[in-house]
Structures are given as C-alpha cells and as structure tokens.
Amino acid sequence: MPRKVLILFTDQWRWDAISALGGTVAKTPNVDRLVARGTVFRNHWTVAVPCGPSRASFLTGLYAMTHRSVINGTPLDDRFDNLALAARRGGVEPLLVGYTTTTPDPRGTDPADPRFQITGDVLPGFKPLAPYHASQDTFRAELKSKGYDVADMDALWRPAPVEIPAGRGLSWPPSQLSEADADNAFYTDQALKHLAVREDRDWLMFLTYMRPHPPFIAPAPWHDMFDPADMPTPRRAATKGAEAAEHPLIAHLLETTDVPGFIPHGTGLIADLSDLDVAQAMATYYGMIAELDHQIGRILDHLDATGQTEETLIVFTSDHGELLGDHHLFGKAGPSRPASGSR
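Here it is, written out as structure tokens:
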C-alpha cells in the first residue's frame with residue numbers, strides 16, 4: 009500500500025475543464041496523465057461552497073451541516089477529527105503547501121489571536137511548509153526578494169498596461185507577474201524543494217493552489233493561448249430577465265455580482281458584460297488552467313524521475329467549480345443545473 013500521498017487541490021476548477029473527460033476547450037495534458045492511469049469519479053460533487061466550507065468537508069469527511077463551518081472565516085469545532093491528525097496517528101507526516109482556510113475554535117483560542125483577523129489559517133495537525141492565506145506572507149516575501157513592491161498585493165493582480173487588440177476582451181492583458189514569478193510556480197517550487205529531501209520517507213502532502221480562482225488574469229504567454237471566438241456558448245437563458253425568473257437567488261446575484269471581483273480593471277455587473285468580454289473571460293480562465301496544468305506536470309515529472317510514482321497515491325480535485333458565464337454569472341454562488349432554454 010502506498011505510504012506517500014499527494015493531494016493536488018485546486019480552487020474553482022470546473023468539472024468540464026479536463027480534456028480527457030470530454031472537455032472541448034481545456035488543454036490539460038498532465039491532469040490527463042492522471043486520468044489515463046487512475047480512477048475517475050465522474051459523479052464527484054463538492055458538498056459546499058465557498059472555499060473554506062468545501063475544504064472543511066474534504067479534510068474532516070463531514071457535511072457542512074455537521075461541521076458548521078459554512079462560510080469563509082467560520083470557526084471549525086476542535087472536536088472534529090481531520091486528515092492531518094489521522095495521518096499523524098498512522099505515522100505519516102502531513103505537509104501543507106498552500107492553504108486550508110481554517111479558523112480556529114474560539115472556545116480554546118484567545119480572542120486576540122491574529123488568526124481571527126484573516127480569512128483562514130492552517131488546519132490543526134498540518135506541518136505548514138509554505139502556507140498561503142489572506143496575508144500571503146510566504147509568497148510576498150519571495151516577491152519582495154525579487155524586487156517587487158508588495159505593499160499592495162492586489163495591484164500585482166491588475167494587468168500589465170497594454171493595449172487590447174481587436175477581437176480580444178477585457179481580461180486579455182497578461183499579469184504583471186511573469187510565469188516564473190506567479191503563485192502557481194512559487195508553490196510548485198516549494199513543493200518540489202521539500203519533496204526532494206523526502207524521497208526515502210513516508211509523507212502526505214496537501215498541495216493546494218489558488219488558481220484558477222479569479223481574478224481572471226494569466227501570465228504571458230498563457231493569457232493569449234485561447235481565442236474568445238473559439239469559446240462555447242454559456243449555459244444560460246436567452247435574457248437576463250428570463251434567468252432572474254428561474255429563482256430568487258439568481259435574481260439577486262444578477263443584480264449584485266460585480267465585475268471587479270473577477271476582472272479588477274472592469275466596472276459594472278457581470279450580467280451586463282458584452283458577449284465578447286464573457287468569451288474572453290472564458291478564454292483567460294482556460295489559459296489559467298493550462299498554466300496550472302503545466303505546473304502540476306512538474307510535480308508528476310519529479311515523482312516519475314525519482315521512482316516514487318508507483319508508491320504514491322495521487323488525488324486531484326477542486327473545492328468547487330466556476331459558473332463562467334452560465335446563468336449570466338461568474339463565481340460559485342449560483343446553481344449547477346442548466347438554465348431553461350440553454351443548449
């Protein structure tokens with residue numbers, strides 16, 4: 009039985025964005041490698057959104073109605089067992105590269121604890137090697153060492169000041185960060201450094217990436233990999249009004265989901281974006297997935313090269329999906345079923 013476990017946990021990766029499973033747009037040769045030599049759960053569903061509740065369910069094995077951490081920042085009760093603690097009982101060191109979005113139980117934590125001032129911290133039991141949470145200190149330190157101004161991290165996710173060519177939409181410009189300096193590469197680098205000194209040990213690594221979570225912006229050359237003209241029509245009703253009639257929640261989201269949360273330099277509501285800008289967001293999203301798939305390939309190549317693949321259980325999943333224009337919306341707050349009148 010494998011005594012090494014690698015969990016590749018992404019954020020906001022759509023179910024249909026794996027080419028080996030019939031995705032018509034996505035280019036995911038490395039995730040496809042896992043599909044070809046592994047077991048695929050085609051009816052695997054997330055049990056909660058957003059990120060924190062989904063991770064709490066994955067790591068405790070409980071429904072949200074039981075663990076009650078139902079929104080990012082909601083404390084997780086200390087009485088619940090979790091994957092990291094179980095691994096320790098089994099004699100395996102649980103390693104964390106990335107984040108779990110866990111807020112501690114306040115009944116055993118001082119109210120002044122700084123973990124209550126951020127969206128979420130580290131699940132008890134994990135050994136954090138390169139944690140990623142709201143303050144992004146590990147990643148920020150790396151960027152600062154390279155000469156970046158990290159006083160405003162949000163500014164680094166705004167696009168480079170370039171002119172958008174004809175036929176491209178609002179989210180086309182590349183990130184100010186190069187591919188080598190972007191977060192996917194950084195956390196992959198950190199994982200590889202630590203795996204390199206554990207080839208003869210048992211380990212469990214929870215490697216979680218922030219992408220393809222918005223903002224929809226990709227480093228060059230991935231930002232230009234897909235043409236918006238080649239994107240499929242979103243699953244949605246013919247008009248915003250017809251969509252709003254489907255359910256009060258959809259009606260509310262159509263009037264409150266703002267563009268800047270997904271495209272920082274945009275304005276207005278997602279539901280009012282032009283068809284080109286929606287198609288470009290889709291193209292950018294699939295570019296982000298292709299870039300992350302490339303980084304995942306580096307991890308798989310390392311395991312192959314060091315002879316660890318056959319003794320490693322590899323799990324690939326995501327906390328939830330992304331509407332990506334379905335129901336005239338972006339994000340993950342709406343329903344997953346097709347809209348009336350959609351194709």
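For the sequence shown, the working numbering gives the first residue as 9, with consecutive numbering after it.
Every residue gets a Cβ at the ideal spot worked out from N, C-alpha and C, and that includes glycine.
As the structure is a prediction and not an experimental result, all values here were calculated from the model.
Closest residue to residue i among the options (Cα-Cα distance)
i: Ala252; options: Gly342, Phe49, Leu311; result: Gly342
i: Ala143; options: Ala159, Thr292, Leu137, Lys135; result: A small fix is needed here, since residue 143 is Ser in this sequence, not Ala. Measuring from the Cα of Ser143, the nearest candidate turns out to be Ala159.
i: Arg11; options: Pro181, Thr54, Arg209, Leu103; result: Arg209
i: Asp283; options: Thr127, Asp312, Ala95, Pro242; result: Pro242
i: Arg166; options: Leu257, Pro114, Gly128, Phe270; result: Phe270
i: Met213; options: Pro102, Lys340, Ala138; result: Pro102
i: Thr68; options: His52, Thr110, Gly339, Trp53; result: Thr110
i: Thr320; options: Ala287, Gly329, His328, His310; result: His310
i: Pro222; options: Ala289, His202, His255; result: Ala289
i: Ala190; options: Lys154, Phe66, Asp312; result: Lys154
i: Leu42; options: Leu16, Pro61, Lys340; result: Leu16
i: Asp7; options: Thr264, Ala287, Ala204, Ala245; result: There is no way to answer for residue 7, as the model of the chain reaches only from 9 to 351.
i: Arg148; options: Met161, Asp334, Thr216; result: Met161
i: Thr54; options: His335, Gly333, His328; result: His328
Simplified DSSP assignment, three categories, for residue i
i: Phe17; result: strand
i: Glu330; result: coil
i: Ile172; result: coil
i: Phe357; result: Residue coverage of the chain in this structure runs from 9 to 351, which leaves residue 357 outside it and unanswerable.
i: Thr36; result: coil
i: Leu93; result: helix
i: Pro268; result: helix
i: Thr216; result: strand
i: Val55; result: coil
i: Glu263; result: coil
i: Lys12; result: strand
i: Pro83; result: strand
i: Thr68; result: helix
Close-in-space but distant-in-sequence residues of the same chain around residue i (CB under 7 Å, 5 per side omitted)
i: Arg45; result: none
i: Leu261; result: Leu337, Ala341, Gly342
Test item: CB-CB of residue i and residue j under 7 Å
i: Leu91; j: Ala64; result: no
i: Ala174; j: Pro236; result: no
i: Gln303; j: Asn192; result: yes
i: Val105; j: Tyr195; result: yes
i: Val267; j: Ile258; result: no
i: Gly128; j: Gly60; result: yes
i: Asp113; j: Asp145; result: no
i: Leu93; j: Gly133; result: yes
i: Thr314; j: Glu187; result: no
Beta-carbon contacts of residue i that lie in its chain and below 6 Å, excluding the five residues immediately before and after
i: Ala25; result: Gly31, Ala34, Ile297
i: Val170; result: Pro181
i: Ala56; result: Ser62, Ser65, Ala72
Contact with chain B by residue i, beta-carbon distance below 7 Å
i: Gly333; result: This model lacks chain B altogether; it includes just one protein chain.
Residues of its chain near residue i, where Cβ-Cβ distance is below 8 Å and the 5 sequence neighbours each way are ignored
i: Thr325; result: Ile15, Leu16, Phe17, Thr18, His52, Phe66
i: Asp5; result: No statement about residue 5 is possible, as the shown extent of the chain runs from 9 to 351 and does not include it.
i: Ala95; result: Val13, Glu101, Pro102, Gly133, Leu212
Residue i CB to nearest heavy atom of the ligand ATP below 6 Å
i: Arg244; result: As for the ligand ATP, it is missing from this structure, which has no ligand bound.
Taking contact to mean 3 or more Cβ pairs, one atom from each stretch, closer than 8 Å, check whether the region 26 to 42 and the region 286 to 298 are in contact. yes
Does the structure place the region 181 to 189 close enough to the region 223 to 231 that three or more beta carbon pairs sit under 8 Å? yes
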